[in-house]
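According to UniProt numbering, the sequence shown is numbered sequentially starting from 1. We treat Cβ as the ideally placed atom computed from N, Cα and C, and that holds for glycine. What follows is a set of notes on a single structure, which appears directly below.
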Amino acid sequence: MIRVGIIGATGYAGIELVRLLCGHPDATITQIISQSFVGKKISDVYPHLKGILDIECRELNTDELPAQCDVVFTSLPQGTSSEVIPPLYSAGCTIIDLSADFRFHDAAVYEQWYKMPHPAPQLLPDAIYGLPELHRTDIAKARLVGNPGCYPTATLLGLAPAVKVGAIDTNSIIVDAKSGVSGAGRASSLEYSFCECDEDMKAYKVAQHRHTPEIEQELSILAQNDVVISFTPHLIPMKRGILATIYATLKNDLSLEGLLNIYGNFYKDEPFVHIYENGTLPSTKAVAGSNHCHIGLTVDQRTHRIIITSAIDNLVKGAAGQAVQNMNIMLNLSETAGLALPGYYI
């Protein structure tokens, strides 16, 4: 069995990792690291784990952890992950980082958007952006993967086929995305309390969200030219899920059937990406709790635009599930191991 440690296990993404790995046929959780709950059983912090995983949360010791883990997931705030990862990487651990610290090729871009110097720029050349549908071959050879953000995952999966074949004007891309409240994390905040969020919907960080350069980096690679997008995220009163509605101008008179063929061919061998046909559109309920991404396509003949809708669970395909998928690829396991279940629906 593969020995797994999770640093930052008691946040929402971390506890999703715990949930998924508890059902993984080839992995066992040996270390739960949580600075907030040192000495407490993880099942006392999260009672749904009682009788399933009752090990104690421990303080991080980067000298001892490599001897106890083959794989380490880091689910820590930006700037913190890249402080703890270098000694683990040097000791030979396989690492999947859920922060933004290892998603960028250029430390200057990270520093511009995250307003801090990158703590470990020397590792950026070794880090692979962990979107399997785009970088599977490189992920398989990596020991350090920067797990993508939730909004970028939904957006990039929605846009990748159209951008790759040059079907759209990449200067025209507008992304309007809605996320559930769990995307803000578990820390207490008035802004995300029930009475503030219930029966409310609002845009936030308009034209300045930190996921913007991550999306642009990957689209630019696909397009082989610099891509700049307009990205507006919204907070909606549900626990989990992202629905991205993406608009772009078509370069040619492509029909819906033609676009469905492009998308179908691009994702034909992908176990977690599904294209809706006949003009039907996805919903967040259909993917909640799963590692799947559902994509719907519409061609607006009047405005000559494609409208793409992409639905994921922000905590699974947008975080923990994708991290497990990356681990499977890195260790040459079945890519769907621990992830081959449908979502909750209700």
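The segment 243-259 contacting the segment 307-321, beta-carbon criterion three pairs below 8 Å: yes
C-beta atoms of isoleucine 173 and alanine 248 nearer than 7 Å: yes
Helix, strand or coil at leucine 60 according to DSSP, with G and I counted as helix: coil
Cβ shell of lysine 50 (< 6 Å), same chain only, five flanking positions each side left out: Ser43
Sheet register partners of serine 179 (DSSP bridge): Leu235, Ile242
Other residues of its chain near methionine 116: CB distance less than 7 Å, five sequence neighbours each side excluded: Gly79
DSSP state of aspartate 300 mapped onto helix, strand, coil: strand
Residues that DSSP places opposite serine 230 in a beta bridge: Ile174
Whole-number beta carbon distance between valine 71 and methionine 238, since they are thought to touch under 8 Å: That belief does not hold up - the Cβ atoms of methionine 238 and valine 71 are roughly 31 Å apart, past 8 Å.
Glycine 180, buried or exposed, once every other Cβ within 10 Å from all chains shown has been counted against 16: buried
CB of lysine 270 within 7 Å of CB of glutamate 133, strictly: According to the sequence provided, residue 270 is glutamate. The question's lysine does not apply to it. Contact flag set, yes.
Beta carbon of alanine 13 nearer than 7 Å to that of serine 75: yes
Bridge-paired residues (DSSP) for aspartate 101: Answer is none; aspartate 101 lacks a bridge partner.
Nearest neighbour of tyrosine 344, chosen from Ala319, Thr336, Pro66, Ala286 [CA to CA]: Ala286
Sequence-distant residues of the same chain with beta carbon closer than 7 Å to aspartate 26, five excluded per side: Met1, Ile2, Leu333, Ala337
beta-carbon tyrosine 114 near the ligand FMN non-hydrogen atom, thresh 6 Å: For the structure depicted, the ligand FMN is absent and the ligand set is empty, with no information on it obtainable.
Pair within 7 Å by beta-carbon distance, asparagine 314 and glycine 183: yes
Selected residue, minimal CA-CA separation from arginine 136, among Gln322, Pro342, Leu339: Gln322
Beta-bridge pairing of serine 310 - partner residues as DSSP gives them: Ala244, Ile295
Residues bridged to phenylalanine 272 [DSSP beta-bridge criterion]: According to DSSP, which records beta bridges pairwise, phenylalanine 272 is partnered with nothing at all.
CB contact flag (isoleucine 262, valine 165, <7 Å): yes
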